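Residue numbers (our numbering): 813 to 971.
Every residue gets a Cβ at the ideal spot worked out from N, C-alpha and C, and that includes glycine.
Please read all numbers here as calculations on a predicted model, not as lab measurements.
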Ligand code: FES
Ligand code: FES
């Protein structure tokens with residue numbers, strides 16, 4: 813018989829209840845228990861930001877949090893940012909239009925961080941965006957188009 817605690821939380825608007833090992837990271841829980849594989853793992857040092865999700869509306873690195881710590885919370889992953897099969901979130905659309913990605917590995921984390929930067933920190937200038945995205949690493953783009961995308965996404969979100 814398992815002695816693991818059972819947690820309930822909301823993920824992308826749906827309540828989920830699972831037994832979870834005390835050392836299970838939130839990113840592992842999302843990817844392996846819930847098959848939400850848009851949240852990526854790009855490092856084991858909490859530096860790359862590929863695992864960024866929203867926890868109660870704020871961007872966090874899900875490799876840095878235990879699943880048991882988020883019991884009762886609301887988590888949004890890249891899969892929940894826009895309705896399934898519906899229009900992209902304005903920030904996702906801006907990344908697409910501005911070519912803010914190449915291989916796409918960093919993109920879910922970039923988009924989740926960018927939405928938080930705009931919503932909670934009102935970042936809009938190039939300097940603010942570059943500073944705000946310091947915790948998200950991209951190995952491909954050189955960041956120029958990512959910054960353009962975040963600026964365009966911020967304008968679209970303001971409408
Ligand atoms: Fe979380 Fe790299 S996987 S910061
Ligand atoms: Fe490849 Fe950012 S687009 S890591």
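Is residue i near residue j, with beta carbons less than 8 Å apart?
i: residue 877; j: residue 846; result: no
i: residue 880; j: residue 832; result: yes
i: residue 861; j: residue 873; result: yes
Whole angstroms is fine: what's the gap from residue i's alpha carbon to residue j's?
i: residue 826; j: residue 885; result: 11 Å
i: residue 909; j: residue 902; result: 10 Å
i: residue 889; j: residue 864; result: 8 Å
i: residue 922; j: residue 830; result: 28 Å
i: residue 942; j: residue 882; result: 29 Å
i: residue 911; j: residue 897; result: 21 Å
i: residue 906; j: residue 858; result: 26 Å
i: residue 956; j: residue 840; result: 31 Å
i: residue 959; j: residue 868; result: 25 Å
i: residue 856; j: residue 899; result: 33 Å
i: residue 828; j: residue 822; result: 6 Å
i: residue 834; j: residue 843; result: 16 Å
Please look up how many angstroms separate the CB atoms of residue i and residue j, rounded, as I've assumed it's under 8 Å.
i: residue 970; j: residue 928; result: Going by Cβ atoms, the distance from residue 970 to residue 928 rounds to 15 Å, so no, they are not a contact pair.
i: residue 918; j: residue 950; result: 4 Å
Which term fits residue i, buried or exposed, when burial requires 16 or more other beta carbons within 10 angstroms of its beta carbon?
i: residue 932; result: exposed
i: residue 934; result: exposed
i: residue 967; result: exposed
i: residue 904; result: buried
i: residue 866; result: buried
i: residue 820; result: exposed
i: residue 920; result: buried
i: residue 916; result: exposed
query: Is it true that the region 951-966 meets the region 926-942, where meeting means three or more beta-carbon pairs spaced less than 8 Å apart?
result: Touching, yes, given that three or more Cβ pairs across the two stretches are closer than 8 Å.
Segment contact, 8 Å Cβ cut-off, at least three pairs: the region 850-862 with the region 816-830: The region 850-862 is not in contact with the region 816-830.
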